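Since the structure comes first, as structure tokens, the remarks are kept for the end.
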Amino acid sequence: MAEYLASIFGTEKDKVNCSFYFKIGACRHGERCSRLHNKPTFSQTIVLQNLYVNPQNSAKSADGSHLANVSDEEMQEHFDNFFEDVFVECETKFGEIEEMNVCDNLGDHLVGNVYVKFRREEDADKAVQELNNRWFGGQPVHAELSPVTDFREACCRQYEVGECTRSGFCNFMHLKPISRELRKELYGRRGPSYVGGGRRRSRSRDRDGGRGWRGGRGGGGGGGFGGGGGGGRRRSRSRDRDRRRSRSRDRSGRAGRY
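Numbering (this note's numbering) for the sequence shown: -16 to 241.
What follows is the structure in structure tokens.
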């Protein structure tokens, strides 16, 4: 009997434990769920609840009028800036990150959730303790350990192939992608000499701790990723992208002439 119960734990056959919470670390019923949400006491993964505010999903953009002149490239850069802020801050202060994902769902239990999977469980535990005393973008951070370790099981497979019919209210993760350039920058340069965020630590100092972050529960304010100071390095990075695009177009033009 014990072997059978262990085999169905966290599955839809389990009538005691919530399979959605086990797979995704979130459930649309919340504390009202009829099944148990077994919160882990140790895990490599943490969730920062509702941390990312997508301008396209916010109440202010219901009619889309203030986004009419915003290009897809600018929206992507907005998200990349947010992602880099969180990634660099967490890896610099707490330890090496294996994977970080941001939900693009619209349901309250998933919207804007940021999942950070560290290499070590001790780093995840430290991150939860410290981040719950921090603010980001003028809002307090709500962090907790998450049972999610395999994001392949948590993600909506139909969404990945463009066939999800539930739109943003799907109960599986719809992950928002970062640009290839940023992915290469954050994940692609780790060699044997990499230790705990070494290269990124100096960059984090340059950004003054990340322009969205504030310490202490008495804090607040802060421009976050939507405005405020600290944008100099970002503008420089944006200009670098523009130059790369320009060079790419020049090469394409030359290739077309030969």
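Quick reminder that beta carbons are idealized off the backbone N, C-alpha and C, glycines included.
Since we're looking at a predicted model, the values are computed, not measured.
| Query | Result |
| --- | --- |
| Beta-carbon proximity of Ala9 to Asn96, cut-off 8 angstroms | yes |
| Nonlocal neighbours in the same chain, by C-beta distance under 7 angstroms from Tyr35, ignoring five residues either side | Phe65, Val85, Gly95, Val97 |
| 7 angstroms CB neighbourhood of Arg117 in its chain, flanking five on each side removed | Val124, Trp196, Arg197, Gly198 |
| Continuous beta strand (DSSP E) assignments of at least 3 residues falling wholly in the stretch 111 to 181 | 117 to 119, 126 to 129 |
| Nearest to Pro160 (by Cα), restricted to the options Glu105, Met58, Asn0 | Met58 |
| Beta-carbon gap between Val131 and Ile7 smaller than 8 angstroms | yes |
| Spatial neighbours of Ser150 in its chain, beta-carbon cut-off 8 angstroms, leaving aside the 5 residues before and after | Leu89 |
| Beta-ladder partner(s) of Gln4, from DSSP | Just to set this straight, residue 4 is Tyr in the shown sequence, not Gln. Note: Tyr4 sits in no beta bridge, so no partner. |
| Nearest-angstrom Cβ-Cβ length linking Leu165 and Glu74, presumed shorter than 8 angstroms | Not a contact, Cβ separation roughly 14 angstroms. |
| Which of helix, strand or coil DSSP assigns to Val30 | strand |
| Identity of the residue in Thr148, Tyr4, Phe62 nearest Gln15 by Cα | Inspection of the sequence shows that residue 15 is occupied by Arg rather than by Gln. Minimum Cα distance to Arg15 is reached at Tyr4. |
| Beta carbon of Ala137 nearer than 8 angstroms to that of Ile29 | no |
| Of the listed residues Arg102, Asn0, Val71, Met83, nearest to Ser17 (C-alpha basis) | Asn0 |
| Residue range of the alpha helix (DSSP H) that includes Glu74 | 55 to 77 |
| Terminal residues of the beta strand (DSSP E) in which Lys22 lies | Note, Lys22: premise wrong, no beta strand (DSSP E); not H, not E. |
| Ala107 and Gln27 closer than 8 angstroms at C-beta | yes |
| Rounded distance between the beta-carbons of Glu168 and Phe134, thought under 8 angstroms | So it is not a contact: roughly 21 angstroms between Cβ atoms. |
| Whole-angstrom distance between Val71 and Arg163, CA atom to CA atom | 17 angstroms |
| Tyr98: first and last residue of the uninterrupted beta strand (DSSP E) it sits in | 97 to 101 |
| Backbone secondary structure at Gly198 - three-state DSSP | strand |
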